[in-house]
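Here the structure is laid out as structure tokens; the discussion comes afterwards.
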Amino acid sequence: QVELVASGGGLVQPGGSLRLSCAASGLTFSRYVMRWFRQFPGKQRALVAAAARRGITNYADSVKGRFTISRDNAENTVNLQMNSLKPEDTAIYYCSAFTPQYTYWGQGTQVTVSS
Numbered sequence: 001q002v003e004l005v006a007s008g009g010g011l012v013q014p015g016g017s018l019r020l021s022c023a024a025s026g027l028t029f030s031r032y033v034m035r036w037f038r039q040f041p042g043k044q045r046a047l048v049a050a051a052a053r054r055g056i057t058n059y060a061d062s063v064k065g066r067f068t069i070s071r072d073n074a075e076n077t078v079n080l081q082m083n084s085l086k087p088e089d090t091a092i093y094y095c096s097a098f099t100p101q102y103t104y105w106g107q108g109t110q111v112t113v114s115s
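In my numbering, the protein residues as written are 1 to 115.
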């Protein structure tokens, strides 16, 4: 049974930082592209960042230079370091494991950026 467990969300002031973590089990982690999405109220989930199997990364334009995705294939984890947070980063964040054959989702974690 595949399980992705996200953690690390919370309330932070503008300009602050948070680190999201996602622990995966029940899958061959190194075979999957690991991704973070976020969802604003009333909107579809949007890709924030992705880390390919060998660590190649890409980011949404809105978070480039502020967010960093990293993966540890030995620990089956993927992290999202979020710096210089803005109120418009407020959303529910989801981690995802992707191959063309399968996509798995973790539960969301709420990130709220507010003073």
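The beta carbon of each residue, even a glycine, is placed where N, CA and C say it ideally should be.
Thinking just about the alpha-carbon of each residue, which of the options is nearest to the one in residue i?
i	options	result
L4	R31, Q13, N76	N76
Q13	Q101, L85, Y102	L85
G55	S21, R45, T68	T68
F98	L20, F37, G9	F37
A49	S62, G42, P41	S62
K43	T90, G16, R66, Y59	T90
For residue i, does the three-state DSSP call read helix, strand or coil?
i	result
R54	coil
D89	helix
D72	strand
Q99	The sequence shown places Thr at residue 99, not Gln. Coil.
I'd like to confirm the pairing. Which residues does DSSP put opposite residue i in its beta bridges?
i	result
L27	Its beta-bridge partners do not exist; DSSP assigns none.
F67	M82
Q13	DSSP lists no partner for Q13.
V119	Residue 119 falls outside the range modelled here, since the chain spans only 1 to 115, and no answer is possible.
What residues in its chain sit with their C-beta under 8 Å from that of residue i, if we drop five residues either side in the sequence?
i	result
A51	V33, M34, R35, T57, I69, S70, R71, V78
Leaving out the 5 sequence neighbours to the left and right, which residues in its chain are closer than 6 Å to residue i when beta-carbon positions are compared?
i	result
V2	G26, L27, Y104
G108	I92, Y94
S7	S21
Can you list, in chain order, the residues of its chain whose CB lies under 7 Å from that of residue i, leaving out five sequence neighbours each side?
i	result
N73	F29, S30
Verify the contact flag: residue i, CB atom, against every heavy atom of the ligand GDP, threshold strictly below 8 Å.
i	result
V5	The model on display carries no ligand, and the ligand GDP is accordingly not part of it.
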